[in-house]
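In this note's numbering, the protein residues as written are 731 to 785.
The next block holds one structure in the form of structure tokens; read it before the comments.
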């Protein structure tokens, strides 16, 4: 019975380690309704440039 508990605990810990590693090495980008895109969001960057005082 203890072996089953230890195996279950080891699998949970291994899953958490894999999840943390995958999150740390994920590519930089963004996701929208068209899918995942690498790099900065061009629409958001364009909105930031034009949001200032036009004068």
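Beta carbons are placed, not taken as given, at the ideal position from N, Cα and C, and that holds for glycine.
Return the residue from the list the options that minimises the CA-CA distance to residue i.
i           : options          : result
residue 761 : 771, 755 and 783 : 771
DSSP three-state call for residue i: helix, strand or coil?
i           : result
residue 758 : coil
residue 769 : coil
residue 732 : helix
residue 749 : helix
Using 9 Å as the threshold, is the C-beta distance between residue i and residue j below it?
i           : j           : result
residue 739 : residue 757 : no
residue 759 : residue 766 : yes
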